[in-house]
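Okay, so here's the structure we're looking at.
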Amino acid sequence: MTTTGTPLTAEQIIADSKRYTLYDWQAQSKVSPLAIDRAEGVYMYGVDGRRWLDFSSQLMGVNIGHGDKRVTDAIARQAEKLPYISPFQAFEGRAVLGRKLAGLWPGNIEKTFFTLAGAEANENAVKIAKMVTGRQKVLARYRSYHGSTYGTMMLTGDPRRWPNEQPPMPGVVHVLDPYHGPQRGFDDAETALALLEETIELEGPQTIAAFILEPVTGTNGILIPPDGYLQGVRELCTRHGIMLIADEVMSGWGRTGAWFAVDHWGVVPDLITTAKGLTSSYAPLGAVGLAPHVAAYFDDNVFWGGLTYNTHPLGVAAAIAAVQVIEDDDLVGNAKRLEPVMQAHHEALAAKHPSVGRYRNIGLFGILELVKSRETMEPLSPFNQLNDTMQQVNRFLIDNGLATFIRWWNVMTNPPLCIDEAQLAEGFEIIDRALDIADAAMED
Ligand SMILES: Cc1ncc(COP(=O)(O)O)c(C=O)c1O
112 MTTTGTPLTA EQIIADSKRY TLYDWQAQSK VSPLAIDRAE GVYMYGVDGR
162 RWLDFSSQLM GVNIGHGDKR VTDAIARQAE KLPYISPFQA FEGRAVLGRK
212 LAGLWPGNIE KTFFTLAGAE ANENAVKIAK MVTGRQKVLA RYRSYHGSTY
262 GTMMLTGDPR RWPNEQPPMP GVVHVLDPYH GPQRGFDDAE TALALLEETI
312 ELEGPQTIAA FILEPVTGTN GILIPPDGYL QGVRELCTRH GIMLIADEVM
362 SGWGRTGAWF AVDHWGVVPD LITTAKGLTS SYAPLGAVGL APHVAAYFDD
412 NVFWGGLTYN THPLGVAAAI AAVQVIEDDD LVGNAKRLEP VMQAHHEALA
462 AKHPSVGRYR NIGLFGILEL VKSRETMEPL SPFNQLNDTM QQVNRFLIDN
512 GLATFIRWWN VMTNPPLCID EAQLAEGFEI IDRALDIADA AMED
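Position 230 of the sequence shown, counted from 1, bears residue number 341 in this note's numbering, the numbering being contiguous throughout.
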């Protein structure tokens with residue numbers, strides 16, 4: 112609304128948003144946002160009346176779908192009663208959510224530290240690991256994203272780190288993961304673990320506080336580890352007294368067809384971090400789960416950390432309601448049931464479109480990797496670039512009613528977990544048409 116009560120047009124919203132606010136991750140002259148009015152279920156609606164199927168759950172976080180009144184009402188009720196109280200106090204929501212998460216975290220993890228979002232959850236997990244072990248270094252993987260605060264940007268291994276290394280944070284050691292790009296594919300668990308063990312030995316295990324990893328890697332390509340890898344990492348970390356931090360900011364809350372990705376392999380980390388799907392992104396909230404032996408350290412040692420908005424009542428209310436929706440609507444089960452349906456769509460696209468080089472999904476965490484040639488498997492867009500073809504694919508999807516996350520040569524297929532088979536088919540039909548553009552750009 113303007114001050115005169117007249118609603119702004121889509122053009123005005125976009126123009127003023129661009130002029131007066133700074134957008135994330137882009138040169139401002141290249142920014143081209145959609146003017147969104149509202150969103151419901153798996154769809155979002157533009158101020159200009161257009162509709163898009165949300166095939167990435169925004170930033171892979173709106174797990175329950177948009178506009179669920181069970182959550183918005185809970186936030187409103189909390190806002191009426193107690194919108195804010197300092198993190199030094201206790202309130203009902205804190206008690207309820209703490210107890211709830213103790214029942215959902217992997218293994219015997221019971222204690223939770225609530226943060227604002229994913230990055231600070233990771234910052235705190237690393238601080239905790241350093242405090243508890245008294246060690247300095249942290250292992251992280253090149254193909255990873257852990258957030259964009261200073262510390263988490265330095266843990267991040269992907270090229271988003273490069274412009275931020277002014278200077279790099281001391282003590283971070285990046286390692287390879289089992290995946291090596293579309294051309295080389297995945298190592299088996301044994302090979303990946305042997306390389307990891309060698310790195311740990313050469314670095315000096317007694318100097319390493321933690322290994323942080325995304326159990327199923329998100330924006331670096333939905334990388335599903337070979338069976339045995341995560342169990343092997345767990346064993347290596349235990350053997351060397353290294354804390355295993357599972358960054359489940361994106362992979363948690365049913366996305367993979369389990370509450371947490373580590374559950375697929377029966378692995379219990381020392382620390383687990385999460386955000387996004389915890390509230391289904393309806394309000395900011397992150398969380399760090401601490402295994403009992405980690406939490407026990409703070410019985411008599413001060414936890415040196417805290418932010419004004421930690422354990423914020425509005426985020427907590429959103430989380431209680433959103434987690435309840437996941438349970439009531441069996442969305443973890445829906446993601447699991449739709450896993451083979453998504454896989455069949457991916458397979459059908461690969462059978463029809465030679466530009467689909469690799470594809471995979473676990474639950475509703477999916478990706479299509481586009482290539483220039485099936486023979487060489489060279490990616491359709493160079494590393495760390497979104498070339499003209501990928502931009503055209505993206506534009507086609509938007510123009511035809513589907514919004515998703517396109518990165519380098521990757522098309523992400525990560526809809527809200529409440530999606531049904533017909534809606535899934537609707538999305539893949541639009542992607543099917545867009546892939547003609549990719550096919551036409553392949554090398555002869
Ligand atoms: C795996 C992972 N870790 C951490 C983060 C950072 O979370 P946030 O943006 O909530 O700080 C993200 C965000 O995309 C993520 O995907």
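The beta-carbon is built from N, C-alpha and C at its ideal position, and this holds for glycine as well.
- For the alpha helix (DSSP H) assignment, the uninterrupted runs of no fewer than 4 residues enclosed by the stretch 261 to 344 are, from N- to C-terminal side, 261 to 266, 292 to 295 and 300 to 314.
- With fewer than 16 other Cβ atoms from the protein chains shown falling within 10 Å of its own Cβ, V413 counts as exposed.
- Around the beta carbon of N219, fewer than 16 other beta carbons sit within 10 angstroms, so the residue counts as exposed.
- Relative to the non-hydrogen atoms of ligand 1, the Cβ of G116 never comes closer than 7 angstroms to any of them.
- Within the same chain, P293 and E480 come within 7 angstroms of R469 by CB-CB distance, once the 5 residues on both sides are set aside.
- In this structure, the beta-carbon distance from L513 to W273 does not fall below 8 angstroms.
- Following the DSSP letters along the chain, one finds R471 inside the beta strand (DSSP E) bounded by residues V467 to I473.
- Of the residues assessed, Y393 falls on the buried side of the cut-off, its CB having 16 or more other CB atoms within 10 angstroms.
- Counting only the Cα atoms, V283 lies some 14 angstroms from P316.
- For the pair A551 and V504, the CB atoms are not nearer than the 8 angstroms cut-off.
- With contacts defined as CB atoms closer than 8 angstroms, V379 and A402 qualify as a contacting pair.
- At a cut-off of 3 residues, the continuous stretches assigned as beta strand (DSSP E) that sit fully inside the stretch 150 to 179 are 154 to 157 and 162 to 165.
- With 16 or more other Cβ atoms from the protein chains shown falling within 10 Å of its own Cβ, W216 counts as buried.
- Taken in chain order, the complete beta strand (DSSP E) segments of 3 or more residues contained in the stretch 463 to 523 are 467 to 473 and 476 to 481.
- Distances between the C-beta of T330 and the heavy atoms of ligand 1 include at least one below 7 angstroms.
- By alpha-carbon distance to I431, the top candidate from G209, Y195, Y134 and K141 is G209.
- Assignment of M354 by DSSP, reduced to helix, strand and coil, places it in the strand class.
- Bridge pairing for K238: absent [DSSP].
- Distance from the CA of Q342 to the CA of V436, rounded to the nearest whole angstrom, comes to 31 angstroms.
- An exposed status is given to R188, since fewer than 16 other beta-carbon atoms sit within 10 Å of its beta-carbon.
- Apart from sequence neighbours up to five positions away, the residues of its chain that approach V452 with a beta-carbon distance below 8 angstroms are E532 and L535, ordered along the chain.
- Looking at the DSSP output, I383 shares a beta bridge with A357 and G400.
- In the structure shown, L193 adopts coil according to DSSP, grouped into three states.
- Checking the DSSP bridge columns, you'll see K248 partnered with I319.
- Cα atoms of Q496 and R518: separation of roughly 8 angstroms, rounded to the nearest angstrom.
- Counting other Cβ atoms within 10 Å of its Cβ, F494 stays below 16 and is therefore classed as exposed.
- Three or more beta-carbon pairs separated by less than 8 angstroms are not found between the stretch 295 to 302 and the stretch 323 to 333, which leaves the two stretches without contact.
- Counting of Cβ neighbours within 10 angstroms places E122 among the exposed residues, the total staying below 16.
- The bridge partners DSSP lists for T223 are G400.
- DSSP, read as helix, strand or coil, puts D148 in strand.
- Going by beta carbons, G329 and M171 fall inside the 8 angstroms limit.
- In this structure G400 is in contact with L212, their Cβ atoms being roughly 7 angstroms apart against a cut-off of 8 angstroms.
- The closest heavy atom of ligand 1 lies less than 7 angstroms from the beta carbon of E325.
- Sequence-distant Cβ neighbours of L425 in its own chain, meaning closer than 7 angstroms and more than five residues away, are I186, Q189, A190, P194 and A394.
- Below 8 angstroms, enough C-beta pairs join the stretch 221 to 233 and the stretch 357 to 371 to call them touching: three or more.
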